[in-house]
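Just so you know, we're using the numbering used here here: the sequence shown kicks off at -8 and counts up by one. Quick reminder that beta carbons are idealized off the backbone N, C-alpha and C, glycines included.
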Amino acid sequence: MSDLTLNAEVRTDSGKGASRRLRHEDKVPAIIYGGSKDALSISIEHSKLLKAQTDEAFYSQIITLVVGKEKVKAIVKAMQRHPFKPKIMHVDFQRVEAGHELKSILAIHLINEEAAVKKGGVVVRGANEIEISCLPKDLPDAIEVDISEMEVGTTIHLSEIKAPKGVTFTQLTKGEGHDLAIVSVNKPGGKAVEDSEEDSEEETDTPE
-8 MSDLTLNAEV RTDSGKGASR RLRHEDKVPA IIYGGSKDAL SISIEHSKLL KAQTDEAFYS
52 QIITLVVGKE KVKAIVKAMQ RHPFKPKIMH VDFQRVEAGH ELKSILAIHL INEEAAVKKG
112 GVVVRGANEI EISCLPKDLP DAIEVDISEM EVGTTIHLSE IKAPKGVTFT QLTKGEGHDL
172 AIVSVNKPGG KAVEDSEEDS EEETDTPE
């Protein structure tokens, strides 16, 4: 599991004016909520946050927020960006507590793609990420899918992937029709994996 740490400060002012002043100071307004404690309004240096979010793990792994003398474990639940500037406007963090199940969206990493290509196939992704639920101690960095044994014209669905220990694929708990096509190996010039409504919901830049 990745170890990401960010320093934060408690903010007492609220409202659009206060948020605007923070942004002028190169700080990002944010909030930590959930768990057994009250919501906490914080601010984070924009440059540090901007750098941290370039790491894929930032959107799926547990982050340590150092607020004064307190260390808060949390995951990113939402991020608001400026419509055209490389600027983060606001972040929502959700507390993570040991023994309490959490939901996170993990990247799907395809392993041994070259083996499928050597067979004359074209690798087509049906999903880049997937929502999972697990206890904090069981949270993996990503979901790995080995496609070395795939033949041209075959597809791997979510139900065919072995989930890591303690991890549940939440799509499969929603009933029939939610078994996503994760990856296909098509003939060159062949039909790609059809996007489904569920696929588009999973392919988000940031967690909902």
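Straight-line gap, residue i to residue j (C-alpha atoms, nearest Å)
i: asparagine 119; j: serine 10; result: 33 Å
i: proline 77; j: arginine 12; result: 18 Å
i: aspartate 83; j: glycine 111; result: 45 Å
i: aspartate -6; j: valine 136; result: 23 Å
i: glycine 117; j: histidine 81; result: 30 Å
i: isoleucine 96; j: lysine 165; result: 16 Å
i: serine 139; j: alanine 43; result: 33 Å
i: methionine 141; j: serine 5; result: 54 Å
i: serine 32; j: phenylalanine 160; result: 32 Å
i: glutamine 71; j: valine 87; result: 21 Å
i: valine 109; j: asparagine 103; result: According to the sequence as given, residue 109 is lysine; it is not valine. Their backbone Cα atoms lie some 10 Å apart in a straight line.
i: alanine 107; j: valine 143; result: 7 Å
i: alanine 30; j: glutamate 105; result: 47 Å
i: glycine 8; j: glutamate 47; result: 32 Å
i: glutamate 61; j: isoleucine 147; result: 44 Å
Rounded Cβ spacing between residue i and residue j (contact assumed at less than 8 Å)
i: leucine 126; j: isoleucine 53; result: Rounded, the Cβ-Cβ distance is 11 Å, inconsistent with contact.
i: proline 20; j: serine 38; result: About 15 Å separates the two Cβ atoms, so there is no contact after all.
i: isoleucine 121; j: glutamine 162; result: 7 Å
i: valine 58; j: valine 115; result: Actually they are not in contact, since the Cβ atoms of valine 58 and valine 115 sit about 44 Å apart, beyond 8 Å.
Cβ shell of residue i (< 6 Å), same chain only, five flanking positions each side left out
i: leucine 56; result: Leu(-3), Ala(-1), Val63 and Ala65
i: valine 113; result: Asn177 and Pro179
i: threonine 45; result: none
DSSP state of residue i mapped onto helix, strand, coil
i: glutamine 44; result: coil
i: lysine 39; result: helix
i: serine 10; result: helix
i: proline 127; result: helix
i: alanine 106; result: helix
i: histidine 15; result: helix
i: phenylalanine 84; result: strand
i: phenylalanine 160; result: strand
i: lysine 94; result: strand
i: leucine 149; result: helix
i: glutamate 189; result: With a pLDDT of only 44 at glutamate 189, under 50, the local geometry of the prediction cannot be trusted, and the value read off the model is given with reservation. If DSSP states are grouped into helix, strand and coil, glutamate 189 belongs with the helices.
Spatial neighbours of residue i in its chain, beta-carbon cut-off 8 Å, leaving aside the 5 residues before and after
i: threonine 217; result: Look at the range of the chain in this structure, -8 to 199, and you will see that residue 217 is not part of it.
i: aspartate 17; result: Glu36, His37 and Ser38
i: histidine 73; result: Ile79 and Met80
Cut-off 7 Å between Cβ atoms - residues of its own chain near residue i, not counting five sequence neighbours on either side
i: valine 158; result: Ile123, Cys125, Asp129 and Pro131
i: phenylalanine 49; result: Leu(-5), Ala43 and Val67
i: glutamine 85; result: Tyr24, Gly25, Ala65, Ile66 and Lys68
- the region 85 to 104 in contact with the region 16 to 25 per 3-pair CB rule at 8 Å: At 8 Å Cβ cutoff, the stretches touch.
- Do the region 147 to 162 and the region 170 to 181 make contact, defined as three or more Cβ pairs closer than 8 Å? Under the Cβ criterion (8 Å, minimum of three pairs), the region 147 to 162 counts as touching the region 170 to 181.
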